[in-house]
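S.K.:
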Amino acid sequence: AQSVAQPEDQVNVAEGNPLTVKCTYSVSGNPYLFWYVQYPNRGLQFLLKYITGDNLVKGSYGFEAEFNKSQTSFHLKKPSALVSDSALYFCAVRAPMDSNYQLIWGAGTKLIIKP
Amino acid sequence: EAGVAQSPRYKIIEKRQSVAFWCNPISGHATLYWYQQILGQGPKLLIQFQNNGVVDDSQLPKDRFSAERLKGVDSTLKIQPAKLEDSAVYLCASSPGSLGTGELFFGEGSRLTVL
Chain A
1 AQSVAQPEDQ VNVAEGNPLT VKCTYSVSGN PYLFWYVQYP NRGLQFLLKY ITGDNLVKGS
61 YGFEAEFNKS QTSFHLKKPS ALVSDSALYF CAVRAPMDSN YQLIWGAGTK LIIKP
Chain B
116 EAGVAQSPRY KIIEKRQSVA FWCNPISGHA TLYWYQQILG QGPKLLIQFQ NNGVVDDSQL
176 PKDRFSAERL KGVDSTLKIQ PAKLEDSAVY LCASSPGSLG TGELFFGEGS RLTVL
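First to last, the sequence lines map onto chains A and B. Note that this note's numbering has the first sequence beginning at 1, numbered continuously upward. Note that this note's numbering has the second sequence beginning at 116, numbered continuously upward.
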């Protein structure tokens, strides 16, 4: 079965330190990979995506993500965390053969940045 | 470009009452999704429309939930009668479908509290 795993329910990072939010997937073929962020009482906002090409993709708010095909991972990273980065982060995957263009969602990781 | 519009943002009802949520997608987006997001969890797809046709409603509790997208533009999601476990945020999203690479654009959500 196709799935997305975010192994950490919560990640705590001190402001100014680098952060990583992990995501692994199990999808046939070459997937399309996405990260979304959700601030309190808001909808989900698109951060970045990997479709093809360079394994390191850059997105909004200084975030980047690295696609690793051999480890089937797509970890979200930022070199220097801000308190305002505190939010809920979701990884999502689309199987390339899915003609319905549906996303498979991870359970989310709560990121807490402490001053 | 205007984003996905949803209303109302908040609704409180008693169990067994009915409620309706409205969504207007981004102009030109053929695909429209309704998701249910329970606090602390990832979004769960309820129904997906392609223009005014249903692509997937396999997770829609059809005994109490209904949705329509009559003219292939805006959509309404209805719950009747509501149960306590329907308390959640109902997210509407749209995408260009086959014209895009898979990212979804979300509205701010409609938070439902059932007492």
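Backbone N, C-alpha and C fix where the C-beta goes; we use that ideal spot for every residue, glycine too. Note that the structure is predicted; figures quoted are calculated from it, not measured.
What did DSSP end up calling residue 218/B once you bin it into helix, strand or coil?
M.R.: Three-state DSSP puts residue 218/B in coil, outside helix and strand.
S.K.: Starting from residue 162/B, trace the beta strand (DSSP E) both ways and give me its first and last residue.
M.R.: Its beta strand (DSSP E) spans residues 159–165.
S.K.: Contact between the segment 118–126 of chain B and the segment 10–24 of chain A: three or more CB pairs below 8 Å?
M.R.: Contact fails: fewer than three Cβ-Cβ distances are below 8 Å.
S.K.: Check the Cβ of residue 206/B against every Cβ in chain A and list those closer than 8 Å, keeping chain order.
M.R.: Within chain A, the residues near residue 206/B are 43 and 44.
S.K.: Short check: CB of residue 44/A to CB of residue 206/B, under 8 Å?
M.R.: The answer is yes: Cβ separation under 8 Å.
S.K.: Would you kindly check if the distance between the Cβ of residue 146/B and the Cβ of residue 212/B is under 8 Å?
M.R.: Cβ atoms of residue 212/B and residue 146/B: closer than 8 Å.
S.K.: Just to confirm, is the Cβ distance from residue 148/B to residue 163/B under 8 Å?
M.R.: A contact, by the Cβ cut-off of 8 Å.
S.K.: Based on Cα-Cα distance, which residue from 37/A, 15/A, 47/A and 26/A lies nearest to residue 73/A?
M.R.: Residue 26/A is the option with its Cα nearest to residue 73/A.
S.K.: For the segment 72–110 of chain A, list the alpha helix (DSSP H) runs that are entirely contained and at least 4 residues long, ordered along the chain.
M.R.: DSSP runs (the alpha helix (DSSP H)) wholly in the segment 72–110 of chain A: none.
S.K.: Decide if residue 218/B is buried, meaning its Cβ has at least 16 other Cβ atoms within 10 Å, or exposed.
M.R.: Buried.
S.K.: For chain B, find out if any of its Cβ atoms is closer than 8 Å to the Cβ of residue 89/A; answer yes or no.
M.R.: Taking Cβ atoms only, chain B never reaches closer than 8 Å to residue 89/A, which makes this a no.
S.K.: Please compile the residues from chain B whose C-beta is within a distance smaller than 8 Å of the C-beta of residue 107/A.
M.R.: By Cβ distance, chain B contributes 156 and 157.
S.K.: Nearest to residue 203/B by alpha carbon, out of 117/B, 118/B and 126/B?
M.R.: Among 117/B, 118/B and 126/B, the Cα nearest to that of residue 203/B belongs to 126/B.
S.K.: Determine whether the Cβ of residue 49/A lies closer than 8 Å to any Cβ atom of chain B.
M.R.: True, the Cβ-Cβ gap to chain B drops below 8 Å.
S.K.: To the nearest angstrom, how far is the alpha carbon of residue 170/B from that of residue 66/A?
M.R.: Between residue 170/B and residue 66/A, the C-alpha separation is close to 32 Å.
S.K.: Check whether chain A comes within 8 Å of residue 219/B, counting only Cβ atoms and requiring the distance to be less than that.
M.R.: So yes, residue 219/B belongs to the interface.
S.K.: My assumption, with CB atoms under 8 Å, is that residue 53/A sits in contact with residue 97/A. Please give the rounded CB distance.
M.R.: That pair is no contact at about 20 Å.
S.K.: Going by DSSP, name the residue or residues bridged to residue 181/B.
M.R.: Paired residues: 193/B.
S.K.: Would you mind working out which of 188/B, 153/B, 134/B and 156/B sits nearest residue 140/B, comparing C-alpha positions?
M.R.: Nearest option by C-alpha distance: 188/B.
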